[in-house]
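So the sequence lines, in the order shown, correspond to chains A and B.
According to the numbering used here, the first sequence is numbered sequentially starting from 1.
According to the numbering used here, the second sequence is numbered sequentially starting from 401.
The structure appears right after this line, and notes come after that.
Protein chains: 2
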Amino acid sequence: MKAISGTNLEQAKSHNRRVVIEAVRTHGPLSRAAIARMTALTAQTVSNIVEELERSHLLVPAEAQKLARGQPIIPYSINPAGAYSIGLELGRQRASGVLTDLSGAVCARIERPIEHPDPQRAMPALQAIVEDLQQAFDFDRNRLLGVGMALPGRYADGGITSLSPQSLPGWQDFPVGHELERRVKVPVLVENDATAAAIGERLHGVARGLGSFVYLFLAGGGGIGAGMFLDGHLYKGSRNNAGEIGHIIVEPHGKLCSCGKRGCLDRYVSPTVAYEFMGIANAEELSPDDLDALIARGGEGLDAWLDQAVQPLRQTLDFLELAFDPQTIVLGGSISTSLMARLAERLEPLHVPIDPDRKRAVPRVMIGMTGKDTAILGAAALPIFSETNPRFDVLQKPVG
Amino acid sequence: MKAISGTNLEQAKSHNRRVVIEAVRTHGPLSRAAIARMTALTAQTVSNIVEELERSHLLVPAEAQKLARGQPIIPYSINPAGAYSIGLELGRQRASGVLTDLSGAVCARIERPIEHPDPQRAMPALQAIVEDLQQAFDFDRNRLLGVGMALPGRYADGGITSLSPQSLPGWQDFPVGHELERRVKVPVLVENDATAAAIGERLHGVARGLGSFVYLFLAGGGGIGAGMFLDGHLYKGSRNNAGEIGHIIVEPHGKLCSCGKRGCLDRYVSPTVAYEFMGIANAEELSPDDLDALIARGGEGLDAWLDQAVQPLRQTLDFLELAFDPQTIVLGGSISTSLMARLAERLEPLHVPIDPDRKRAVPRVMIGMTGKDTAILGAAALPIFSETNPRFDVLQKPVG
DNA sequence: AGGTCACATGAAGGCGATCTCCGGCACGAA
DNA sequence: TTCGTGCCGGAGATCGCCTTCATGTGACCT
């Protein structure tokens, strides 16, 4: 077991920097004094940090605002051009990459077809995308924070998957992160797609500023996962497997699942099952756009799928609420937008919550704002998150 | 939303003190140099902190040990008599209190019958127990850290319950913690019974030193709850309701529950249901000992209950593993020891985990070591935990 | 006997937050 | 117009805590 380690001044400074950035990010333009009040830091301390952040272009001052009294306020806000990040996503048929600025806005985008992506073929392709993205948009290379990558599966540091071989053939024990980092020469972070999406929504999306929420991710390839952000921290579980809820049992005597159990959530709600209901046998060969069109057209098969998927989904939401008591559950994923919309409109009535009388500042369920791009934008958010989010770890000294 | 606040040296010192205590608690007697290695603190810093902790009697030095080389090691360990704590539990028919030392050993114990405990009757009784416990054992009153109280339900700071009136008649909106604190003049901490039990096992029990685990609590009064300890921190949810898993749906078309849903876990696994199966109509009137005797005798009713309870329980364990990915799940509660034993022996085979090949340092499921006392000993652990556990909060400046 | 290793501790230094003082700005009252 | 007040931001001194350096101690090894 890793012991909890001590802290010192250096860690404290790093933490305070992050706290200031986080305050400005979540609350919009703030004066130094306002930041000081929110963070409980001294005005002077904030002043020092803001000065430093302004020098490194992460914060920019706006026009001074004259109030009723006193010295005009100088509001500071995040400088979008202060840092850049690259997000990668690898699907069954294509590899995609985006270059975003600090505010999450997409500056450049590349998509390339790629057949049967095993590590040997995928790594050079991804490397090329990263390099081409840097050519496609003119920016200061020193401000590139790193590369984030979203993949199905579960990943430890260095991007080594912890799942069984059958879920990701060829990727077992392959150090994605280390290998890509060696090639592109900037820090690389690898995360599960649900977790990446959660971070994306937390930084730039509907979950901005929330302390605890669960992201329910419906993967286009089938398979449901949850990304958890709890008490201001990402929660990944003791073996990086937290949130693998595709295999929770929603129907004890239900359909047989590939995992050997009966009635797993994945067997009811995932897009793969929707294609079965719609009689689409060759879903893997069709392009995402073709699939979207088929779904948008609707039909009996789709309705039948919805009929049997809604109840397990409600049950899962109920379950996540009871277990995690999040402020909200964000629903999203890389599935077709129309499929998500149809699911969402059938969702109500949700199960009665445990505290029905309690007022809520946030809806129980929200739809993620980035649609099908959720995973790749989340991937791009990973380096930003890792550099700017206040965490318990940064306050502790590195041990060993 | 509460912003994450900054830190300073004072907070850092408080954190480092806690880190040193935690290191000694979980790893047994340690020399100063050993503590320094584990915590990544400087030998000098550790030396200062240890000196301070020794002065306040929290650590005691043992005999110097002569090694193969070098200066003899002076191992320090937790001084059981360095601090004391009081735990309270309120059941349907009785109120109990224990006085424990810093190691969790019980120094004194009081149990008193109490009929229909509403706040007006319970508060004076609890106050009397706290005062009598301090008389019953001779110790330095300045070393009493505080009073911890375990109750069914969910509690915010100050012990105000967040649940609906029907679950706890008369206690709705009653500030248990504040009221008791006013009476006994020491800090009072109120927690849900599952959470308290989790802390107890983490400090003195089978979960000692674990970073992430879930405590599955089977309450004697019926009702199942989970206490979560994740990444070294207690997780209580955004509205203190996390772990209220008695009402997760384990059988979508199953028995109707009082909450309005069908097939809730509580309707299958709780002791209340066991009594129904055994034909015990007047369970509330019987003493706990009588109930234990009935269960120990067994019979067809009990077997029938076990038959239908095991699958939902397995399903719940599976679910908790998938959602939280804990190092282990600790099973315990205030139910009869023989009932717990019978459940435990029927538990295998558990559902296949998501990473079957992975080696585990800790069993998937463990039985809590404190048996029926788990909640009250957990309650006594609350003040100790709150004073000595390294947390993210202590590193942050109090805001507002 | 001297060298080396491991542990412990005192003194000086470094670092970052804090305290104190000060100036600038704008409004309101005299 | 002048002064007082409330608010904001900056400069330098100070404080608290960790770190580094130096020294001491005890025991084994050569």
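The C-beta atom is built at its ideal place from N, Cα and C for all residues, glycine as well.
- Any Cβ of chain B closer than 8 Å to the Cβ of H351(A) would place that residue at the interface, and such an atom is present.
- Separation of P187(A) and L145(A) (C-alpha to C-alpha, rounded to the nearest whole angstrom) is 7 Å.
- For the stretch 133-194 of chain A, the full-length alpha helix (DSSP H) segments reaching 4 residues or more read 176-184 along the chain.
- Counting only Cβ-Cβ distances below 9 Å, D718(B) has contacts in chain A at H247, I248, I249 and K261, in chain order.
- Excluding residues up to 5 positions away in sequence, H247 and I249 lie with their Cβ nearer than 7 Å to the Cβ of K261(A) in the same chain.
- Contact annotation: A626(B) and Y615(B) have beta-carbon atoms nearer than 8 Å.
- For G637(B), the residues of chain A that pass the 8 Å Cβ criterion are S212, F324, D325 and P326, in the order they occur in the chain.
- In this structure, the CA atom of L665(B) is about 20 Å from the CA atom of T737(B).
- Between Q308(A) and chain B, the shortest Cβ-Cβ separation is not below 8 Å.
- When the Cα atoms are used, A761(B) and A323(A) turn out to be separated by approximately 25 Å.
- For Q127(A), no Cβ of chain B is located within less than 8 Å of the residue's own Cβ.
- Taking 8 Å as the CB threshold, I4(A) lines the interface with chain B.
- Of all residues in the stretch 216-242 of chain A, those with a C-beta nearer than 8 Å to a C-beta of chain B are A226, L230, D231, G232, H233, Y235, K236, G237, S238, R239, N240, N241 and A242, reading in chain order.
- Per DSSP, reduced to three states, the secondary structure at V606(B) is coil, with no helix or strand assignment.
- Three or more beta-carbon pairs drawn from the stretch 773-792 of chain B and the stretch 591-599 of chain B are found closer than 8 Å, and the two stretches are therefore classed as touching.
- Cα atoms of R94(A) and D725(B): separation of roughly 31 Å, rounded to the nearest angstrom.
- For H233(A), the uninterrupted beta strand (DSSP E) segment begins and ends at H233 to Y235.
- Sequence-distant partners of N240(A) (beyond 5 residues in either direction) whose C-beta falls short of 7 Å from its own C-beta, in its chain, are R154, Y155, A156 and S162.
- In this structure, DSSP gives M38(A) a helical state, which the three-state scheme calls helix.
- Distances from the CA of I624(B) to each of Q534(B), R667(B), L499(B) and G679(B) were compared; the closest alpha carbon is that of R667(B).
- In the structure shown, S77(A) falls within a strand segment according to DSSP collapsed to helix, strand and coil.
- Here R432(B) is buried. Its C-beta has 16 or more other C-beta atoms within 10 Å.
- The alpha carbon of S786(B) has as its nearest neighbour, out of I510(B), T442(B), H457(B) and L589(B), the alpha carbon of L589(B).
- Cα atoms of G428(B) and E276(A): separation of roughly 58 Å, rounded to the nearest angstrom.
- Under the Cβ distance rule, A440(B) counts among the residues neighbouring chain A, one pair being separated by less than 8 Å.
- Remark: C-beta atoms of S77(A) and V20(A) do not approach each other more closely than 8 Å.
- Separation of E451(B) and V460(B) (C-alpha to C-alpha, rounded to the nearest whole angstrom) is 10 Å.
- Three or more Cβ pairs closer than 8 Å define a contact, and the stretch 501-514 of chain B falls short of that threshold against the stretch 741-749 of chain B.
- Between R358(A) and chain B, the shortest Cβ-Cβ separation is below 8 Å.
- Around G148(A), the same chain offers G87, L189, A379, A380, L382 and P383 as residues with beta carbons nearer than 6 Å, after the five sequence neighbours per side are excluded.
- Put simply, the backbone Cα of G91(A) is about 20 Å away from that of T100(A).
- Nearest neighbour of A550(B) by Cα position, chosen from S687(B), N592(B), G609(B) and K759(B), turns out to be N592(B).
- Excluding sequence positions up to five before and after A207(A), its CB lies within less than 6 Å of the CB of E201, F213 and V330, all in the same chain and listed in chain order.
- Out of D692(B), M678(B) and I474(B), the CA that lies nearest to the CA of D707(B) is found in M678(B).
- At a cut-off of 8 Å between beta carbons, D266(A) makes no contact with chain B.
- By DSSP's assignment, M340(A) forms no beta bridge with any residue.
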